[in-house]
Structure formats: structure tokens, C-alpha cells
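To start, the structure itself, in C-alpha cells.
Protein chains in written order, with the working numbering: chain L, 1 to 119; chain D, 120 to 235.
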């Protein structure tokens, strides 16, 4: 089965440019999460969606960041304009969250991450 | 207050020995899930083990076990018979709430080095 697919795997851009990161969650999963990982701040939750609806975007650092989930199989994280401090690995993760009793743990399945470098 | 606290930034263990990675959590929700993930140097996040707040027994998965002490709000990961391939970052995480609209919190991680 295909896992969470992220693109691009690596992106190098210049300050001020727009960056778009893409994610395809696992089919059938109904929750999607965007995380950012840096050495200084560790894993930070940026935003998460449930059934394509943004539930909590309190982790989005500022208005330069936006995320969308137009359908159950696709999400984007956009940074415009990008800054050097945005350099990080951005992870997308998905999970299935549903009613209890079915043995589902609701674990997160992570993509391989998108490494962003802003010069 | 931190939701997940991992107090060991780095640890060393001799190959073939057991090691315990500490994790404490903070929640007032009676229903929650606890997870451990491994992140090797290649960067991917690998799910290791899960413990539900209502589970009576400690979870085990092969060489991994979770020492769940609910009253102390701790969920330590025990790795038995360490192998060189266990060298990695380990993250403890918590999902609050029964299932819906739940938010995941991650600790700061523990870097484990297994010495030959």
C-alpha cells in the first residue's frame, strides 16, 4: 500500500519566493497533519484537518503560511513570501480517526518529509 | 505546561543491553493514546508502539515495551537487547480525546546511541 506521499523531497529557494509543499495522505484516512521540524524547536504542529476541514491552525507561525485541503486525497502548505528562518523539514502525516472499539489506534503515518532551504 | 516531557536529550547504551527512555505527559482528558516513534538519521518517522489510556496491560511489540504508569502519568519506552540499528531519535507522543478531532502532541525527543 502506498504511504503518505510528499513532494518535493528537497527544495532550495531564495528569500521572498513562494514555496508550495504537497501531500497525498493514505487513502481512507480522514485526518491530516502538517508538522515542521528544526533542531531548535523540534517537531511543531502547524495545522491539522479532519474530513478536509481545518480544525486547529494555531501552530501556523504567521500569515505567510497557509494550508488547504481541497479534497480527501490532497493537501498543500504554502509559504509566501519565504524567509531563511522557514528552513526546516516539513512533514505531512495522516491517520484514521473514528469511533472506538474497532482496534484502530489512530496512529500517525508520516511522509518522508520535504526539506526546505531558504537562502 | 508541556503536554509531553522527555527529560533525556541523549542516552548511551551498550549493545545487547536494555534501555529505558523516559516520557511523562500531562492531560486532564480521561481518554488518550500514547505513542512512541523512532526517527533514524535518514529522517523518516517510524511508529513503534501504542498504549491506550484504558488499556490494563502494558503494550509490547517485539523488543519494545511501554511501561505505562497512569497515576504517575508516565509512559516510558523500554528497548530490550539493544542493537546498533536502534541508534536514532525517539519521540513520545500523545493524542488527546477519544478519537475525533484529536490533536497529537510530541515531546522534544531522546537521541539514543547504541555502542558496540
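Backbone N, C-alpha and C fix where the C-beta goes; we use that ideal spot for every residue, glycine too.
Quick caveat, the model's predicted, so the values are computed rather than measured.
{"Item": "Run down chain D in chain order and give the residues with a C-beta less than 7 Å from the C-beta of residue 33 of chain L.", "Value": "223"}
{"Item": "Sort out for me which residues DSSP pairs residue 129 of chain D with in a bridge.", "Value": "D:230"}
{"Item": "With burial defined as no fewer than 16 other Cβ atoms inside 10 Å of the residue's Cβ, what is the status of residue 195 of chain D: buried or exposed?", "Value": "buried"}
{"Item": "Grab me the residues of residue 179 of chain D's own chain with a C-beta within less than 8 Å of its C-beta, minus the 5 sequence neighbours each way, in chain order.", "Value": "168 and 185"}
{"Item": "Run through chain D and tell me which residues come within less than 9 Å of residue 113 of chain L, C-beta to C-beta.", "Value": "162, 163 and 164"}
{"Item": "What residues in the segment 16 to 31 of chain L have a beta carbon less than 9 Å from any beta carbon of chain D?", "Value": "31"}
{"Item": "How many Å lie between residue 224 of chain D and residue 14 of chain L at the Cα?", "Value": "32 Å"}
{"Item": "In chain order, what residues of the segment 43 to 58 of chain L put their CB closer than 8 Å to some CB of chain D?", "Value": "43, 45, 48, 50, 55 and 56"}
{"Item": "Once DSSP output is grouped into helix, strand and coil, what is the label at residue 203 of chain D?", "Value": "helix"}
{"Item": "Where does residue 157 of chain D land, buried or exposed, given buried means 16+ other C-beta within 10 angstroms?", "Value": "buried"}
{"Item": "Would the beta-carbon of residue 119 of chain L fall within 8 Å of that of residue 84 of chain L?", "Value": "yes"}
{"Item": "Nearest by alpha-carbon distance to residue 49 of chain L: which of L:39, L:111, L:92 and L:3 is it?", "Value": "L:92"}
{"Item": "Does residue 62 of chain L pass the burial test, meaning 16 or more other C-beta atoms within 10 Å, or should it be called exposed?", "Value": "exposed"}
{"Item": "Taking 8 Å as the limit between beta carbons, can you name the residues of its chain near residue 212 of chain D, skipping five residues before and five after?", "Value": "123, 153, 154, 155, 156, 223, 224, 225 and 226"}
{"Item": "What does residue 152 of chain D reach in chain L if we use C-beta pairs closer than 9 Å?", "Value": "105, 106 and 107"}
{"Item": "Please give me, in chain order, every unbroken run of the beta strand (DSSP E) with length at least 3 that falls completely inside the segment 9 to 33 of chain L.", "Value": "10 to 13 and 19 to 24"}
{"Item": "Would you call the CB atoms of residue 166 of chain D and residue 112 of chain L closer than 8 Å?", "Value": "no"}
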